[in-house]
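Structure, as structure tokens:
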Amino acid sequence: MSGDDGDTKVLTILLTKGPYTSEAADMALKTALAARRKKYEVNLFIYLDGAWNTHITSEKDYNNPGEWLRSAVKRGVNIGVCERCSEARDLNEGNMVEGVPITGSFAFMDMINRSDRVITFGG
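So for the sequence shown, our numbering puts the first residue at 129; every next one is plus one.
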């Protein structure tokens with residue numbers, strides 16, 4: 129499977145770990161950004177405790193998954209965060225990184241179906 133133009137490779141990343149508990153969020157977001165630089169179409173689905181990454185909306189003097197997430201939005205990464213995961217953590221569009229839509233697991237299935245490769249960060 130490939131992107132709509134037939135030549136574009138599609139990478140889907142599943143992020144299940146929250147920020148600052150491991151390097152999973154850092155690696156997932158840096159991988160998404162690197163793949164975009166290489167002209168991949170990139171999907172990022174944020175699931176389970178990964179939803180906490182969307183809550184980092186302020187600047188930090190250290191690794192900042194929120195900043196990388198904002199950069200991914202700006203660079204055209206197709207992002208979705210699990211609706212139930214967000215709701216369970218009291219996350220909503222008012223306290224999340226702007227431009228990250230809350231979606232259902234069916235959106236993740238669509239991402240997988242259109243992908244050439246799927247990578248999971250966080251196990």
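For each residue, glycine too, the CB sits at the ideal point set by N, CA and C. Note that this is a predicted model, so its numbers are computed, not measured.
Go ahead and pull the three-state DSSP assignment for residue i.
i, result
"Cys169", "For the sequence presented, residue 169 should be read as Glu rather than Cys. Strand."
"Leu157", "helix"
"Thr182", "helix"
"Arg164", "helix"
Tell me whether the beta-carbon of residue i lies closer than 8 Å to the beta-carbon of residue j.
i, j, result
"Gly333", "Lys145", "Residue 333 lies beyond the residue range present for the chain, which begins at 129 and ends at 251; the question has no answer from this structure."
"Ile207", "Ala216", "no"
"Tyr175", "Leu142", "yes"
"Ile95", "Glu211", "Because the chain here runs from 129 to 251, residue 95 falls outside it and cannot be looked at."
"Pro147", "Ala153", "yes"
"Glu169", "Val138", "yes"
Alpha carbon to alpha carbon, what distance is there between residue j and residue i?
i, j, result
"Gly204", "Gly251", "25 Å"
"Val225", "Asp135", "31 Å"
"Arg165", "Glu151", "21 Å"
"Glu221", "Thr140", "23 Å"
"Trp180", "Asn171", "18 Å"
"Asn192", "Lys167", "24 Å"
"Ser186", "Met237", "31 Å"
_So within the stretch 197-222, which uninterrupted alpha helix (DSSP H) runs reach at least 4 residues, ignoring any that extend past its ends?_
Entirely contained in the stretch 197-222, the alpha helix (DSSP H) runs reaching 4 residues are, in chain order, 211-216.
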